[in-house]
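> Heads up: the protein sequence lines correspond to chains A and B, in order. Number 331 in the numbering used here belongs to position 326 of the first sequence; there are no gaps in the numbering. Number 164 in the numbering used here belongs to position 161 of the second sequence; there are no gaps in the numbering. Sending over a structure as C-alpha cells; questions will come in a sec.
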Amino acid sequence: MKALRKFLDNIKPHVQPGGKFEKFHSTFDAFETFLFVPDTVTHKGSHIRDAIDLKRTMSVVVIALIPALLFGMYNVGYWHFASLGKEVTFMQTFIFGFFKVLPLVIVSYVSGLGVEFIFAQIRGHEVNEGFLVSGMLIPLVMPVDVPLWMVAVATIFAVTIGKEAFGGTGMNIFNPALLARAFIFFAYPAKITGDYIWTAGLSGGTGIVDGFSGATPLGLASAGQMDKIPAINELLLGFIPGSIGETSKIAILIGAVILLVTGIGSWRIMLSGLLGGLIMTLIFNAAGANAYMELSPMTQILMGSFLFGIVFMATDPVTAAQTKRGKWIYGFLVGMFAIMIRVFNPAYPEGTMLAILLMNAFAPLIDHYVIEANISKRLKRATKASNL
Amino acid sequence: MSKVYKIKQGLDIKLAGEAERTLTEFTATNVALKPTDFIGVFPKLLVQEGDIVKAGDPVFCDKAHPEVIFTSPVHGKVVEIVRGPKRILLEIKIELLNSKAFTEFGKANPSELRREEVISKMLQSGVWPMIRQRPYSVIANPEDNPGAIFISGFDTAPLAPDYDFIVHGQGDVFQTGIEALRKLTSGKVYLNLPDGTVNSKVLTNTKGVEINHFSGPHPAGNVGTQIARLRPINKGDIIWYLRPQEVIIIGRLFAEGKYNAERIIALTGSEVRMPRYFKVPGGVGIKRLLAGNVNESNVRYISGNVLTGTRLDPNGFLGFYDSQITVIPEGNYHEFLGWSMPRFHKHSFSKSYFSWLTPRKRFVADTNLNGGVRALVMTGQFEQVFPFDIYPSQLLKSIIYNDIDEMEKLGIYEVDEEDFALCEYIDTSKTEIQSIVRQGLNSLRAEMS
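Below, the structure is given as C-alpha cells:
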C-alpha cells in the first residue's frame, strides 16, 4: 500500500495542471481517489464530515444489484440449455451465463465511463460516480442476445445526450440506463421485443427442441395466452425468460432490503410504486373488460420488470421527485402507469420503462406544486401575523 | 404555560472527549478581541498599541453604528494589533496587568430603569453585542423593537457545554439580566429548556419569562429550531436571541456596575487529556489554557463546537460568543480503499457503514472530508436532520442561483448557517452548505438595506 501511495505521489506532479500529462488530470484523479480516500480536510463550515461519500453510496447500490446479476447469469444458462434440451450441471449453466453476460457489463462500463472521463476532463471536474450504477443497470435491463455494438451505441447516446448535455451527474432529467434501453427499443425494436431474443442462441435457431417458445410472461399475456403464464412461485423465483436482471423477484427483494436498510433507496417511492401497481390492477380486475385485466394483482406485480423498475430505476434520486410528498405521488403514478401501459398498449408489452421515463419528465412539475403549497402556507402565516 | 416540543428530525453525534463537570479557575495572561467574530461589522479602531485599558474601556466600534462599541474584557495593555490581507482587522491582543481594574458604569435595578436607560448602559459598557438578531444573525440594532427575545438554555451540539452546570450558583445575576432584557421588547422573553433532565433551579425558577421545553436530538437546542416552533419569523419580523452566559454578563453589569466578561467554558474533544470546565475571561488565549493538556501534534483547535465553530491556530483566542473549545485530530491522511471498507470506527448518519451497529459508541472524529466534492445527487437526506417546515435543498439552490424572491418565498428568514450545519455534516456531495447559507443571508441583507 505504501509503495502504491509512493507510486501515485510520483506520477501526480506530471498530471497536475501545467504538468506534461495534464490532459489526464481527471482520469488520474478518478483512479487515485478510487484507491485512496483523499487527504483533503475541511476548510469552511463543519469541521467533521460524515463518512459517507458518493463512491460509497453508489457502491452500495451496485452491491444491491449483485444478486440480480448473479441470478441473471444463471438464468441465461438455464434457458439456453433448456432450449437445446440438454441436461448440464449447475456450474456449466452458470459459467455459460457468466460468459454471455460479462461482455455486456464490460461494454456498458467501458463505453459509458469513457464518455464520463472525456467530459470530466473537458469540464475540469472530478469524475462523478453516478455511472457506476447506470453501467450495471444497463446490462441488467437488456435481453441477453442484444448485439454488443448496440449496447455501446445506446450507452454512449444515453450518457452524452441524456446526461452530459444536461450538465452531467445530478442534472439529468431521464434515468440514463432506461434511456439506453429506450434507445434500442425505438431504434432497433426487433432486437428487444418478440419471443426469440430472451434466450441465448434462440434467434440463431439451430438445434432448438420442438415446441420451445422462449416467450416472456408479458409476451404471453399480451398475446392473450393467459393459461401459459407461469405460476406465481415460478415468477417469484425467476426461472422465466426476460431481461437479464428482472426475472428473479427474490434477488430483487434482497437488493431492495439492502437499499432500504442503508437508507440509500427511497422507501416512499418503493412503497407508493407498489401501491400504485396494486391499485391499478384492482381497478382493472373490477372492470374486467378482457382477460389481461382479469390477471391477479400478484401475477401483475411479479411479471416483467415491474419490481426491478420500482426498486432500482424509479428510486434514482436525480430523476425522481425530490420532495417527500412528491415522492409519494411520483412512485404511485409510476406504478399505475406501468400496469396501465402494459394492459392497454399491445405495441409495448413492457410498461415499466415507459412509465418511469414519463414520470421522470413530470417529477419536476410534481415538486413544483408541492413546494408552491409550502410557499403559500408561509405567505398565509405572514398575512395572518400582520393582521393581528 | 409550559409545553414540551418534540423535535423529530436531527442527529446527535456522539464524540469522545466530553468535559467532566469540574470547574478550574484559570489565571489568564492574554486575551484578544476579534472583529471577525461579528458578522457585518466594519470595525473602527479606538486604541493604539501600548494603550492601557480597563475592563469596559472601548477598543473598537462599528463604523455603520458607532454607538455599538466593543470593550476590553480585562484590565491590560494593548500589545498588538493584527491585520490580515487588505488591512482587515483580525485581532486586538491585550496582555493582562496584575491588577483588576474596571470602568465603573454604576449599579442599577433594571426594572426601575426606562428602556432607553437600559440600552444606553448596555451600549456604553460593551455588552450590547451579546444580543444578536434573527434574521441574518448579526448584532441587534438598538433602534429596533424586537417581537420577542429568545434564550436557549441548553446546547445539543456535539460535546456541547452543559449550561445547567455553568449557571449553577449564578441565579441572582441571571434574573437581573432577564429583567434588563424584558425592558428591551414589548413582546415576550422566551427561555427554552431541555425536557426531562434535572435542572439546577437557576433556569427553571427564572421569573418573567415564558419557559418551554424541547426534547429530541440536535438541533433541538439551537435557537433557530426553537423560534421556528414558537414564533416563526415572517418577512419583516425581528427576534433577538442570546445564550445564558450572555444573560449573566448583562446581569452582572446591572448588579455590580461593571463589565465582567468572565465566562465558564468547556474544554472538549478527543485530543484533550482531561476535558473539563474552566473559568476564563472573554477572548482568552488558548495556548496557556491548553498547555500540557492536549496531544499537540497534528490537531485542530476549534472555538465552539465541531459543527459550527471557528478554526483557531495554536496561539488563537476564544470567540466572543463561544463557551467551548474543541480539539480534534486533523484528517490529512490517505485511507487505502476507505470508501469500500466496513469502517466500524467512522460515524455516519447513513447505515452504509457498519458503525451504526454501535449507536452508543463515542467516536473520534477527524477533519477528513471523507470523499470528494460532487454534484448534489442524493435527495431526502437533509430533511431528516432539518426540523423546519422548509425545503432545504430547494432553498440552497435558490441561494446558489441568487434569486432573492425565491429565497424569501422558501423561508430564508427563518434560518442561518447554524441551522444547516447538520445538513453539511451528512451531505454525500461534501458541499460547503453553511457558506452558501451565509452568502444568501448576506446578499439578502445587502438588498434590504
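Even glycine gets a Cβ: it sits at the ideal position worked out from N, Cα and C.
(1) Could you work out which residues of chain A lie near B/Ile-331, taking near to mean beta carbons separated by less than 9 angstroms?
(2) For A/Phe-367, which residues in the same chain have their Cβ closer than 7 angstroms to its Cβ, ignoring the five residues on either side in sequence?
(3) Roughly how many whole angstroms lie between the Cα atoms of A/Leu-74 and B/Asp-240?
(4) Let me check understanding here. Comparing Cα to Cα, which of B/Thr-188, B/Gly-172, B/Lys-47, B/Phe-217 lies closest to B/Ser-155?
(5) Can you list the residues of chain A that B/Ala-424 reaches, using a CB-CB cut of under 8 angstroms?
(6) With distance defined between alpha-carbon atoms, name the residue in A/Asn-290, A/Ile-249, A/Ala-319, A/Met-341 nearest to A/Arg-273.
(7) Beta-carbon separation of A/Val-106 and A/Gly-140 under 8 angstroms?
(8) CB-CB under 7 angstroms to B/Ser-102, same chain, minus the five flanking residues each way: which ones, in chain order?
(9) Whose Cβ in chain B lies nearer than 7 angstroms to the Cβ of A/Val-323?
(10) Taking the alpha carbon of B/Ile-439 as the reference point, which residue from B/Lys-37, B/Leu-398, B/Lys-9 has its own alpha carbon closest?
(11) Is there contact between the stretch 77–89 of chain A and the stretch 109–118 of chain A, where contact requires at least three CB pairs shorter than 8 angstroms?
(12) At 4 residues or longer, what runs of the alpha helix (DSSP H) sit wholly inside the stretch 94–147 of chain A?
(13) May I ask you to verify whether the stretch 140–150 of chain A touches the stretch 289–307 of chain A, counting CB pairs closer than 8 angstroms and requiring at least 3?
(14) Can you tell me the Cα-Cα spacing of B/Arg-232 and A/Pro-354, whole angstroms?
(15) Counting only beta-carbon separations shorter than 8 angstroms, does B/Ala-503 have a partner in chain A?
(16) Counting C-beta neighbours from all protein chains within 10 Å, is the total for A/Lys-389 16 or more, i.e. buried, or is it exposed?
(17) Measure the C-alpha to C-alpha separation of B/Ile-415 and B/Gln-229 and round it to an integer number of angstroms.
(18) Which residues in the same chain have their Cβ closer than 6 angstroms to the Cβ of A/Ser-271, if we skip the five residues on either side of it in sequence?
(19) Under a three-way DSSP split, which group does B/Asp-65 fall into?
(20) Between which two residues does the beta strand (DSSP E) holding B/Ile-331 run?
(21) DSSP on B/Ile-169, reduced to helix/strand/coil?
(22) Pull up the distance between the alpha-carbon of B/Gln-12 and that of B/Arg-255, whole angstroms please.
(23) Compare the beta carbon distance of A/Ala-395 and B/Lys-238 with 8 angstroms and say whether it is the shorter of the two.
(24) Under 8 angstroms, Cβ to Cβ, is there at least one residue of chain A near B/His-350?
(25) What residue does the beta strand (DSSP E) around B/Leu-413 start on, and which one ends it?
(26) Grab me the residues of A/Leu-142's own chain with a C-beta within less than 6 angstroms of its C-beta, minus the 5 sequence neighbours each way, in chain order.
(27) Does DSSP put B/Arg-279 in a helix, a strand or coil?
(28) Please tell me whether B/Val-388 has its Cβ less than 8 angstroms away from any Cβ of chain A.
(29) Within the same chain, show all residues whose beta-carbon is closer than 6 angstroms to that of B/Glu-450, passing over the 5 residues directly before and after it, in chain order.
(30) Kindly indicate which residue of B/Gly-374, B/Val-34, B/Ile-84 has the alpha-carbon position closest to the one of B/Leu-100.
(31) Got a sec? Which residues, its chain only, sit under 6 angstroms from B/Lys-9 by beta carbon, not counting five neighbours each side?
(32) Closest to B/Asn-263 by CA distance: which of B/Arg-276, B/Gly-272, B/Gly-286 is it?
(33) Please list the partners that A/Phe-464 has in chain B, where partner means a Cβ-to-Cβ separation under 9 angstroms.
(34) Among A/Gln-327, A/Ile-346, A/Ser-310, A/Ile-71, whose alpha-carbon lies nearest the alpha-carbon of B/Phe-385?
(35) Cα-Cα, which of B/Leu-372, B/Glu-435, B/Phe-323 is closest to B/Pro-76?
(36) Going by the CB atoms, is the gap between B/Val-250 and B/Arg-266 shorter than 8 angstroms?
Here's the rundown:
(1) Listed along chain A are His-52, Ile-53, each with a C-beta nearer than 9 angstroms to that of B/Ile-331.
(2) Listed in chain order, the non-local C-beta contacts of A/Phe-367 below 7 angstroms within the same chain number zero, local neighbours out to five positions each way being set aside.
(3) If I take the Cα positions, the gap works out to 57 angstroms.
(4) Nearest C-alpha to B/Ser-155: B/Phe-217.
(5) Residues of chain A whose Cβ lies closer than 8 angstroms to the Cβ of B/Ala-424 are, in chain order, Gly-50, Ser-51.
(6) Per the Cα distances, A/Ala-319.
(7) Not closer than 8 angstroms, so no.
(8) Here the set comprises His-78.
(9) Within chain B, the residues whose beta carbon sits less than 7 angstroms from that of A/Val-323 are Val-380, listed in sequence order.
(10) When each option's Cα is compared against that of B/Ile-439, the closest is B/Leu-398.
(11) Fewer than three pairs of CB atoms, one per stretch, sit closer than 8 angstroms, so the stretch 77–89 of chain A makes no contact with the stretch 109–118 of chain A.
(12) Qualifying alpha helix (DSSP H) stretches, in chain order: 95–128, 135–145.
(13) The stretch 140–150 of chain A vs the stretch 289–307 of chain A: no contact.
(14) Answer to the nearest angstrom: the Cα atoms are 52 angstroms apart.
(15) The structure shown has nothing for residue 503 of chain B, since chain B only spans 4 to 452.
(16) It counts as exposed.
(17) Annotation: B/Ile-415 to B/Gln-229 spans about 16 angstroms, alpha carbon to alpha carbon.
(18) Residues of the same chain with a CB within less than 6 angstroms of the CB of A/Ser-271, apart from the 5 flanking positions on each side, are Thr-320, Lys-332 in chain order.
(19) Note: B/Asp-65 maps to strand in three-state DSSP.
(20) Segment 327–332, the beta strand (DSSP E) holding B/Ile-331.
(21) Helix at B/Ile-169.
(22) It is roughly 37 angstroms from the alpha-carbon of B/Gln-12 to the alpha-carbon of B/Arg-255.
(23) No answer is possible for residue 395 of chain A: the residues shown for chain A start at 6 and end at 393.
(24) Yes, its Cβ sits closer than 8 angstroms to a Cβ of chain A.
(25) No beta strand (DSSP E) holds B/Leu-413; DSSP gives it neither H nor E.
(26) Answer for A/Leu-142: Ala-182, listed in chain order.
(27) B/Arg-279: strand per DSSP, three-state reduction.
(28) No, no contact with chain A.
(29) Around B/Glu-450: Ile-407.
(30) When only C-alpha atoms are compared, the closest one is B/Val-34.
(31) Here the set comprises Ser-218, Gly-219.
(32) Taking only the C-alpha atoms, the option nearest B/Asn-263 is B/Gly-286.
(33) This structure gives no information on residue 464 of chain A, because the portion of chain A shown stretches from 6 to 393.
(34) When A/Gln-327, A/Ile-346, A/Ser-310, A/Ile-71 are compared, the shortest CA-CA separation from B/Phe-385 is found for A/Gln-327.
(35) Out of B/Leu-372, B/Glu-435, B/Phe-323, B/Phe-323 has the C-alpha closest to the C-alpha of B/Pro-76.
(36) No, these two residues do not count as a Cβ contact at 8 angstroms.
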